[in-house]
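*Asks:*
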Amino acid sequence: MSAELTIQLSLLIPLLGAIGIFLAGRWPNVREAVTLSTAVILFLVVFSLYGGVANGERPEATLVEMFPGLPIKFVVEPLGMLFAMIASGLWIVTSIYAIGYMRGHHEKNQTRFYICFAVAISSAMGVAFSGNLLTLFVFYEILTFSTYPLVSHAGTEKARKGARTYLGILVFTSIAFQMPAIIWVYNLTGTLDFTLGGILQDKADPALLSVLLLLFVFGIGKAAVMPFHRWLPAAMVAPTPVSALLHAVAVVKAGVFSVMKVAVFTFGVDLLGSLDASQFIAYVAGGTILIGSLVAMRQDNLKRRLAYSTISQLSYIVMGAMLANDLGILGGGLHIATHAFGKITLFFCAGAIMVASHRTEVSQLDGLGRVMPFTFGAFLIGALSIIGLPPFGGAWSKWYLALGSVDAGLWFLVAVLMISSLLNVAYLLPIPIKAFFGDPANAAPTHDDGHGHHNEGAHGGSGLQEAPTFCVIAQCFTAFGCLILFLWPDAIFRLLGQLVGQ
Numbered sequence: 005m006s007a008e009l010t011i012q013l014s015l016l017i018p019l020l021g022a023i024g025i026f027l028a029g030r031w032p033n034v035r036e037a038v039t040l041s042t043a044v045i046l047f048l049v050v051f052s053l054y055g056g057v058a059n060g061e062r063p064e065a066t067l068v069e070m071f072p073g074l075p076i077k078f079v080v081e082p083l084g085m086l087f088a089m090i091a092s093g094l095w096i097v098t099s100i101y102a103i104g105y106m107r108g109h110h111e112k113n114q115t116r117f118y119i120c121f122a123v124a125i126s127s128a129m130g131v132a133f134s135g136n137l138l139t140l141f142v143f144y145e146i147l148t149f150s151t152y153p154l155v156s157h158a159g160t161e162k163a164r165k166g167a168r169t170y171l172g173i174l175v176f177t178s179i180a181f182q183m184p185a186i187i188w189v190y191n192l193t194g195t196l197d198f199t200l201g202g203i204l205q206d207k208a209d210p211a212l213l214s215v216l217l218l219l220f221v222f223g224i225g226k227a228a229v230m231p232f233h234r235w236l237p238a239a240m241v242a243p244t245p246v247s248a249l250l251h252a253v254a255v256v257k258a259g260v261f262s263v264m265k266v267a268v269f270t271f272g273v274d275l276l277g278s279l280d281a282s283q284f285i286a287y288v289a290g291g292t293i294l295i296g297s298l299v300a301m302r303q304d305n306l307k308r309r310l311a312y313s314t315i316s317q318l319s320y321i322v323m324g325a326m327l328a329n330d331l332g333i334l335g336g337g338l339h340i341a342t343h344a345f346g347k348i349t350l351f352f353c354a355g356a357i358m359v360a361s362h363r364t365e366v367s368q369l370d371g372l373g374r375v376m377p378f379t380f381g382a383f384l385i386g387a388l389s390i391i392g393l394p395p396f397g398g399a400w401s402k403w404y405l406a407l408g409s410v411d412a413g414l415w416f417l418v419a420v421l422m423i424s425s426l427l428n429v430a431y432l433l434p435i436p437i438k439a440f441f442g443d444p445a446n447a448a449p450t451h452d453d454g455h456g457h458h459n460e461g462a463h464g465g466s467g468l469q470e471a472p473t474f475c476v477i478a479q480c481f482t483a484f485g486c487l488i489l490f491l492w493p494d495a496i497f498r499l500l501g502q503l504v505g506q
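Just remember that my numbering sits 4 ahead of the position in the sequence shown, which is counted from 1.
1. Would you call H451 buried or exposed, if buried means 16 or more other Cβ atoms sit within 10 Å of its Cβ?
2. Just tell me which of V221, V175, K77 has its CA closest to the CA of K326.
3. Could you name the residues of the same chain whose beta carbon sits closer than 6 Å to that of A382, not counting the 5 residues immediately before and after it, in chain order?
4. Below 7 Å between beta carbons: does that hold for D370 and K307?
5. If we ignore side chains and look at the alpha-carbon of each, how far apart do K207 and N191 end up?
6. Please go through the same chain and pick out, in chain order, the residues whose beta-carbon is closer than 7 Å to the beta-carbon of E470, but skip the five residues on each side of it.
7. Where does D494 sit, in a helix, a strand or coil, going by DSSP?
8. Shorter than 6 Å, the distance from the beta carbon of G202 to the closest heavy atom of the ligand GDP, or not?
9. Can you give the beta carbon distance from G335 to G413, rounded, assuming they're within the 8 Å contact cut?
10. Grab me the residues of D280's own chain with a C-beta within less than 6 Å of its C-beta, minus the 5 sequence neighbours each way, in chain order.
11. Could you check what DSSP says for V50 in three-state terms: helix, strand or coil?
12. What is the C-beta distance between L427 and L298, in whole angstroms, given that I count them as a contact (C-beta under 8 Å)?
13. Can you tell me whether H457 is helix, strand or coil according to DSSP?
14. Can you tell me which of the three DSSP states D304 falls into?
15. DSSP state of K226, grouped into three classes?
16. Just to check my reading of the structure: A65 and I11 have Cβ atoms closer than 8 Å, yes? What is that Cβ distance to the nearest angstrom?
17. For S134, which of helix, strand or coil comes out of DSSP?
18. Where do the ends of the beta strand (DSSP E) carrying P75 lie?
19. Can you check which of these residues, K257, T292, A122, is closest to H233 by C-alpha distance?
20. Return the bridge partner residues of V68 from the DSSP annotation.
21. Just checking my contact of T385 with V429 at CB under 8 Å: how many whole Å lie between their CB atoms?
22. Classify A254 as helix, strand or coil using the three-state DSSP reduction.
23. For D509, list the residues DSSP reports as bridge partners.
24. Does E145 come out as helix, strand or coil in the three-state DSSP assignment?
25. On the three-state DSSP scale, how would you describe E365?
26. From K226 to F121, what distance separates their C-alpha atoms?
27. Tell me the DSSP secondary structure of V375 in three-state form.
28. Pairs of beta-carbons, one from the segment 126-136 and one from the segment 64-83, closer than 8 Å: are there three or more?
29. In angstroms with no decimal places, state the Cα-to-Cα distance between L219 and G201.
30. Quick check: the segment 51-63 against the segment 103-110, are at least 3 beta-carbon pairs closer than 8 Å?
31. Per DSSP, what kind of secondary structure is S156 in: helix, strand or coil?
32. If H339 sits next to I321, beta carbons under 8 Å apart, how far is it from one beta carbon to the other, in whole angstroms?
33. Please state the DSSP three-state secondary structure of K207.
34. Can you give me the C-alpha to C-alpha distance between P18 and F269, rounded to a whole angstrom?
35. What is the DSSP secondary structure of P394, reduced to helix, strand or coil?
36. Considering only their Cβ atoms, is the gap separating H110 from P243 smaller than 7 Å?
Written as structure tokens, this is what we have:
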């Protein structure tokens, strides 16, 4: 099979899967088998490209010329290869989790959920393999609109309001900032192609290029750099598998991936380092890291606490890009992978807690770890990876980001990394500590969760009362992934090393 056909199949397979899911909608077992089969096939197809890309090949495919001289074009380069493997691989795990969650929580419109999820994955593949800014923009927007029904899935007024905020901010930033930036690049260079080393060198005054950089960073709203971050906590009204999609599999990763892609392939690291705006954005990212962490500490709702944690963690990647040196690019690229596994584990656990115990607040978790040891054990591992402690994957990305900050002479950002890790400890570790060592008698009663379930106080029974088996399997797998990323990160280093000359 040719590389061009493989690229085309990576976009087509999820869409064919969506059709199969629709046709099998009346038979849940068949529908979910189609979902899982499609996810596995997609990952195998995507992974078949890895060897060539790791050896320096750059497979290409062109679909159609959308405007004269501006085709919808795909080029598989190392950063896109990494993102595509993460998104396609985690789709398998999220689908396994979703089967347990959606059934255990008695969710409605499950067929629509699986269809929209498949379309979102297809658009994520388009973002990952985009060969120019036009292709990136088109699939970036398809991703926004395909996930809107997922955010509003519950159909309540609260869900619809959260989805409107989600859609409004992302569309506004794209139209107001990102689209003008893309048009400006074309006017300056006559091309929108991604080229290692950039295409903007000597094309305009540095002050104007600084403005252009600001338009890109704030126009890529999915990166959630403050003040364009409110869509992320607003989207927490969605079911937990959707939260996993938003925070780890596709949406926010498409945002920070786009920032990295523009930094490396449109501006180029050398040009980026000469612009005043890059240092300014690095400081804004540092502020987002600290403010997001401080706000997370104040959230009693577990999913909202994790949402603000994501806002903070995404800016590690933006900061890495804006450091404009090899170590920063390496650290930012690594954090795309390590954060994906750590944060999806935490969200899987939050959903499992809600399904099994109908608890959603941190203050309600006292003693729950004694009856849900697998869930809270996985949560602890995910938290340690997010904090950046060995032997879990997050340690690598934070280490390289710190080295990149030192290399750039930005000691304030070194301090930001150290303080933020302490804040990560403060808002994440109390959760498993309360769960394993808290007194169940102090657990607050919960209220109706909207599906007719009530919790009448603390767990007082004996034995395990874990979430559905599929949920437990998925969260244990991703927790194990956090360890694997620390012990065997070679596959990622092999890709990212091509971007930084290592």
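Beta carbons are placed, not taken as given, at the ideal position from N, Cα and C, and that holds for glycine.
For clarity, every value in this text was computed on a predicted model and none was experimentally measured.
*Replies:* This is what the structure gives:
1. The predicted model places H451 with a pLDDT of 45, which falls under 50 and marks its position as unreliable; any figure quoted below should be read in that light. Exposed is the call here.
2. Checking the sequence, you will find Met at residue 326 rather than Lys. Taking only the C-alpha atoms, the option nearest M326 is V221.
3. T349, C353, Q479, C480, A483
4. no
5. 10 Å
6. A360, M376, F378, T379, V476
7. helix
8. Of the ligands one can find in the structure shown there are none, so the ligand GDP has no counterpart to examine.
9. Contact flag wrong, Cβ pair sits at about 16 Å.
10. S214
11. helix
12. 7 Å
13. Unreliable placement is indicated for H457, whose pLDDT of 43 sits below 50; the coordinate value is still reported in the next sentence. The answer is coil: DSSP assigns H457 none of H, G, I, E or B.
14. coil
15. helix
16. 4 Å
17. strand
18. 74-79
19. T292
20. I76
21. The sequence given here has Ile at residue 385, not Thr. Contact flag wrong, Cβ pair sits at about 14 Å.
22. coil
23. What the structure shows of the chain is the stretch from 5 to 506, and residue 509 is not part of that stretch, so it cannot be assessed.
24. helix
25. strand
26. 17 Å
27. coil
28. yes
29. 20 Å
30. no
31. coil
32. 5 Å
33. coil
34. 27 Å
35. coil
36. no
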